[in-house]
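Novice:
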Amino acid sequence: MWRVALAFDESLFRFINIGWASPALDRIMSVVSDKYLWLVIGVLAAIALFLKFKSRMNTVLLVLLIALALTDSITYQILKPAFSRMRPCKQLTEIHLVPEYCGGDYGFPSNHAANGMAVTTVLTFMLSRSTAAIALGLTLLVGLSRVYLGVHFPGDVVGGYLVGALVATVVVFVFQILQKKRRQAVI
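Numbering of the sequence shown is given in numbering that gives the first Met the number 0, commencing with residue 0 and proceeding in unit increments.
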């Protein structure tokens, strides 16, 4: 069963990575995956969200930072070494690698996907549906870009989505429980 899943994952990877290869998509997906671009977008989004949701933004940003810190640490420091699944660019030949950079050895789960889904999950619980829908669309696009660029299998991305959603959900629920207890203590 596991071999079938891994074979499907590799086939889907090759379909996206090789089957879709084009100079235009190379440029687009490189931009989509650029962490510095997302840092700028994150700052601009935080400003826009602050202007729209002033009263709740301190709380949302705190929960978001905790969820991101935990998601990134768990994914990178615990799960990647535990699973030790090599990136496609480290184990497969004849792939379309854009740019000519592969990253660290291990790819499962994808930090980009996990962090993006953690943000999406927090926004889903704490802000508007439209804000969450935009975040989800961007998160899915980033995940696709990681496969297209040759640095992750689709399963790495899906695993990252699951980790990010789970960690962020736990953080939000713990925060809500603590907030409820704090309100009860004040009364």
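Don't be surprised by glycine CBs; every beta carbon is placed ideally from N, CA and C.
Give the secondary structure of Met-0 by DSSP, where H, G and I count as helix, E and B as strand, and everything else as coil.
Specialist: Looking at Met-0 - three-state DSSP - the assignment turns out to be coil, as it is neither helix nor strand.
Novice: Within 10 angstroms of its Cβ, does Tyr-35 collect 16 or more other Cβ (buried), or is it exposed?
Specialist: With fewer than 16 Cβ atoms within 10 Å of its Cβ, Tyr-35 is classed as exposed.
Novice: Give a yes or no on whether the minimum CB-CB distance between Ala-66 and chain C is below 8 Å.
Specialist: As a matter of chain content, chain C is missing from the structure shown, which is built from one protein chain.
Novice: Relative to the C-alpha of Phe-174, which residue among Val-3, Leu-61 and Trp-37 is closest?
Specialist: Looking at the Cα atoms, Leu-61 is the closest of the given residues.
Novice: Straight-line CA distance for Lys-89 to Asp-104?
Specialist: Each residue's alpha carbon lies about 7 Å from the other.
Novice: Work out the CA separation of Pro-22 and Ala-112 for me, nearest whole Å.
Specialist: If you take the alpha carbons of Ala-112 and Pro-22, they lie about 24 Å apart.
Novice: Taking all protein chains shown into account, decide if Tyr-100 is buried (16 or more other Cβ within 10 angstroms of its Cβ) or exposed.
Specialist: With fewer than 16 other Cβ atoms within 10 Å, it is exposed.
Novice: How is the alpha helix (DSSP H) around Leu-148 delimited, first residue to last?
Specialist: Counting along the chain, Leu-148 falls outside any alpha helix (DSSP H), and DSSP gives it neither H nor E.
Novice: Looking only at its chain, what residues have a beta carbon closer than 8 Å to the beta carbon of Ala-8, apart from the 5 residues adjacent to it on each side?
Specialist: A small correction: the amino acid at residue 8 is Asp; Ala does not occupy that position in the sequence shown. Taken in chain order, the residues that qualify are Phe-152, Pro-153 and Gly-154.
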